[in-house]
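Trainee: Under the numbering used here, think of the first position of the sequence shown as 256, with each following residue one higher.
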Amino acid sequence: MRESYDYIVAGGGSSGCVAAAKLVSQGGARVLLLEAGHSHRHPLLDMPPGIFKMINGSKFMRYHQTVPQEHLDNRVHDIPQGNVLGGGSSVNAQVYMRGRPSDYEEWHQLLRGDNDYPGWAWRDVLPHFRGMEGNDRLLNDLHGNEGPLLVSDPGHINEVSRWFVQSLQAMGVPFNHDFNGATQSGVGFYQFMNRQGKRSSAAYAFIAPLAGNSKLTVALNARVSRVEIERGVAKGVIYRDGNGTERKAYAEREVILAAGSLVTPQLLMLSGIGAADHLKSHGLPCHSDLPGVGENLIDHPEVPIIAIANGAFGYHKQGIGWRMLLNGIQFKLFGTGTITSSGVEAGAFVNPTSSEEEPSIQAFCVPIVYLDRDTLSFVQDTYGFTITTVVVKPKSRGTVRLRSPDPDDRPLVSPNLLKDPDDMRTMIEGQKYFLKAVHTAPLSQRFEKIAIP
256 MRESYDYIVA
266 GGGSSGCVAA
276 AKLVSQGGAR
286 VLLLEAGHSH
296 RHPLLDMPPG
306 IFKMINGSKF
316 MRYHQTVPQE
326 HLDNRVHDIP
336 QGNVLGGGSS
346 VNAQVYMRGR
356 PSDYEEWHQL
366 LRGDNDYPGW
376 AWRDVLPHFR
386 GMEGNDRLLN
396 DLHGNEGPLL
406 VSDPGHINEV
416 SRWFVQSLQA
426 MGVPFNHDFN
436 GATQSGVGFY
446 QFMNRQGKRS
456 SAAYAFIAPL
466 AGNSKLTVAL
476 NARVSRVEIE
486 RGVAKGVIYR
496 DGNGTERKAY
506 AEREVILAAG
516 SLVTPQLLML
526 SGIGAADHLK
536 SHGLPCHSDL
546 PGVGENLIDH
556 PEVPIIAIAN
566 GAFGYHKQGI
576 GWRMLLNGIQ
586 FKLFGTGTIT
596 SSGVEAGAFV
606 NPTSSEEEPS
616 IQAFCVPIVY
626 LDRDTLSFVQ
636 DTYGFTITTV
646 VVKPKSRGTV
656 RLRSPDPDDR
666 PLVSPNLLKD
676 PDDMRTMIEG
686 QKYFLKAVHT
696 APLSQRFEKI
706 AIP
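1. Can you confirm whether the region 472-491 touches the region 621-637 when touching is taken to mean that 3 or more C-beta pairs between the two stretches lie within less than 8 Å?
2. Taking the DSSP output, what are the residues bridged to P559?
3. DSSP three-state label for T519, please.
4. For the beta strand (DSSP E) containing D678, name the first residue and the last one.
5. Would the beta-carbon of E388 fall within 8 Å of that of L404?
6. Mind checking which residues open and close the alpha helix (DSSP H) that includes A275?
7. Is V350 closer than 8 Å to Y445 when the C-beta atoms are compared?
8. Please report how far the alpha carbon of P520 lies from the alpha carbon of R665, in whole angstroms.
9. Just to check my reading of the structure: H555 and V645 have Cβ atoms closer than 8 Å, yes? What is that Cβ distance to the nearest angstrom?
10. What span of residues does the alpha helix (DSSP H) with N582 cover, start to end?
11. I'd like the span of the alpha helix (DSSP H) that includes L394, first residue to last.
12. Could you tell me which residues DSSP puts in a beta bridge with K503?
13. Spell out the partners DSSP gives H319 in its beta bridges.
14. Between the C-alpha atoms of G549 and E360, what's the straight-line distance to the nearest angstrom?
15. How many whole angstroms separate the CB atoms of Y459 and H295, which I take to be in contact at a CB cut-off of 8 Å?
16. Any contact between the region 312-319 and the region 329-349? By contact I mean 3 or more CB pairs, one from each, below 8 Å.
17. Taking D481 as part of the beta strand (DSSP E), name the residues at either end of that continuous run.
18. Residues in the same chain with beta-carbon distance under 8 Å from H542, minus the five sequence neighbours each way, listed in chain order, please.
19. Could you have a look at T472 and say whether DSSP puts it in helix, strand or coil?
20. In angstroms, rounded to a whole number, what distance separates the CA positions of R495 and G592?
Quick look at the structure:
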């Protein structure tokens with residue numbers, strides 16, 4: 256029997272869930288949503304601290320590795336992606352952040368250059384942000400409170416997070432009660448995509464309400480191999496279902512690729528869309544010679560500052576032994592306590608060189624010694640805190656290339672992190688700025704040594 260739909264969405268991450276849901280609920284279309292990963296319904300995913308149980312390996316995470324990075328001493332780095340319905344929104348730290356208005360205006364100008372064209376300008380995207388947002392504190396021109404994506408203030412704020420905010424304020428950084436408000440600059444507490452400690456992912460917000468709708472078919476553990484193209488038109492996809500059986504699905508209208516910044520270009524190239532020479536080198540036909548496929552990869556470089564505490568501060572040991580038991584009881588009985596927080600409670604947006612310009616550095620303060628696959632081997636697992644500095648608008652550009660014509664082979668990913676000298680300068684400025692924050696009271700009174708850098 257022919258497997259046919261109006262639309263096929265390849266990739267059940269944040270954007271894929273939204274696209275599929277809108278096509279069904281607003282357009283009445285028959286949609287097949289193909290997700291290579293697992294179901295989003297799991298206690299580890301629902302609870303905010305679950306992220307720390309997955310950082311160093313989980314079936315819900317898929318790790319891509321970069322090629323050796325020339326400007327990082329030829330080190331190879333992990334790039335984690337969600338391997339689950341909802342994608343990153345099902346496995347991240349739940350921080351609710353939108354792009355700033357100037358970002359969307361820049362997109363608009365690059366795409367059209369016509370201020371009267373409805374598209375990606377801030378005035379065009381803002382109604383969609385407001386419409387999807389169910390904010391339990393904010394309701395104004397920038398925020399909505401009736402949407403399906405539940406947004407809340409932190410259910411619990413650790414003392415280390417408060418000290419971070421106070422130290423930045425002591426340096427003259429203004430408090431910002433809403434990083435998605437009129438201005439992004441300042442220091443404050445992030446809002447989370449959850450409600451009473453339960454994650455609000457794209458899967459919960461947009462797909463779950465359509466359960467039982469015959470027009471939406473969601474296939475999990477279904478990995479797309481390529482798009483079927485006939486006479487220059489995308490007719491469907493070849494994919495393998497959860498049993499490993501190869502299947503073909505047809506799209507009467509469109510095939511929508513929403514597999515993320517790494518797998519989407521891989522799928523395009525496997526389907527014969529990309530630079531002709533690169534496709535030919537892998538023995539693939541070229542349906543459309545588009546050299547831009549796999550170019551201009553952008554990623555935010557981030558570098559941690561890890562401080563070892565001089566006391567029993569933060570969230571260390573809160574997930575083991577009697578502390579875990581007490582925290583679990585508090586969460587189950589009252590929906591409060593440390594389990595309602597992912598740990599990424601406080602943050603800041605600053606420009607270390609000019610307070611008059613837009614922020615160049617974003618910071619996250621986490622009340623633990625952050626141990627991932629890069630730091631496990633040489634950083635002590637003890638009481639402490641981590642401040643991660645992130646370049647907001649990197650200039651470095653990278654690439655995604657095919658490793659082979661086999662869809663099971665991960666693509667060759669080279670973000671070229673810190674290749675542009677301006678990115679390196681910005682990162683160094685950010686590190687110096689937040690090292691100064693660590694040496695400013697009250698944070699300065701709470702650590703005994705800096706482990707990194």
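Backbone N, C-alpha and C define an ideal beta-carbon position, used for all residues, glycine too.
Mentor: Looking at the atomic coordinates:
1. Short answer: they don't touch.
2. As a working mapping, residue 559 is identified with position 304 in the sequence shown. Looking at the DSSP assignment, P559 forms a beta bridge with T643.
3. Position 264 of the sequence shown, counted from the first residue, corresponds to residue 519. The three-state secondary structure of T519, taken from DSSP, is helix.
4. Working through the sequence shown from its first residue, we reach residue 678 at position 423. Element bounds for D678: not the beta strand (DSSP E) but the alpha helix (DSSP H), 676-693.
5. Residue 388 sits at position 133 when you count from the first residue of the sequence shown. Residue 404 sits at position 149 when you count from the first residue of the sequence shown. Taking 8 Å as the Cβ cut-off, E388 and L404 qualify as a contacting pair.
6. Residue 275 sits at position 20 when you count from the first residue of the sequence shown. In the DSSP annotation of this structure, the continuous segment of the alpha helix (DSSP H) that includes A275 starts and ends at 269-280.
7. On the sequence shown, residue 445 is found 190 positions in, with the first residue counted as 1. On the sequence shown, residue 350 is found 95 positions in, with the first residue counted as 1. Using a Cβ distance threshold of 8 Å, Y445 and V350 count as a contacting pair.
8. As a first step, residue 520 must be located in the sequence shown, where it is residue number 265. As a first step, residue 665 must be located in the sequence shown, where it is residue number 410. Cα to Cα, P520 sits roughly 12 Å from R665.
9. Within the sequence shown, the letter at position 300 stands for residue 555. Within the sequence shown, the letter at position 390 stands for residue 645. Confirmed, Cβ separation roughly 5 Å.
10. Residue numbering aside, residue 582 sits at position 327 when the sequence shown is read from its first letter. Annotation for N582: the continuous alpha helix (DSSP H) segment containing it runs 576-589.
11. Translated into the one-based positions of the sequence shown, residue 394 becomes position 139. Under the DSSP assignment, L394 falls outside any alpha helix (DSSP H); it carries neither an H nor an E label.
12. Here residue 503 corresponds to residue number 248 of the sequence shown, with the count starting at 1. For K503, the beta-bridge partners assigned by DSSP are I493.
13. Taking the first residue of the sequence shown as position 1, residue 319 is located at position 64. DSSP lists I334 as partners of H319.
14. For the purposes of this step, residue 549 is taken as residue 294 along the sequence shown, with counting starting at 1. For the purposes of this step, residue 360 is taken as residue 105 along the sequence shown, with counting starting at 1. The C-alpha of E360 is placed about 24 Å away from the C-alpha of G549.
15. The sequence position of residue 459 within the sequence shown is 204, counting from 1. The sequence position of residue 295 within the sequence shown is 40, counting from 1. Rounded, the Cβ-Cβ distance is 7 Å, consistent with contact.
16. Contact holds between the region 312-319 and the region 329-349, because three or more Cβ pairs, one in each stretch, are under 8 Å apart.
17. Here residue 481 corresponds to residue number 226 of the sequence shown, with the count starting at 1. Checking the sequence shown, residue 481 turns out to be Arg, not Asp. From DSSP, the beta strand (DSSP E) with R481 extends over 478-485.
18. Counted from its first residue, the sequence shown places residue 542 at position 287. Taking C-beta separations shorter than 8 Å and ignoring five residues to either side along the sequence, the partners of H542 in its chain run I484, G487, S526, G527, I528, following chain order.
19. Here the question's residue 472 lines up with position 217 in the sequence shown. T472 falls in the strand class under three-state DSSP.
20. As a position in the sequence shown, residue 495 is number 240, starting the count at 1. As a position in the sequence shown, residue 592 is number 337, starting the count at 1. Rounded to whole angstroms, R495 to G592 spans 43 Å at the Cα level.
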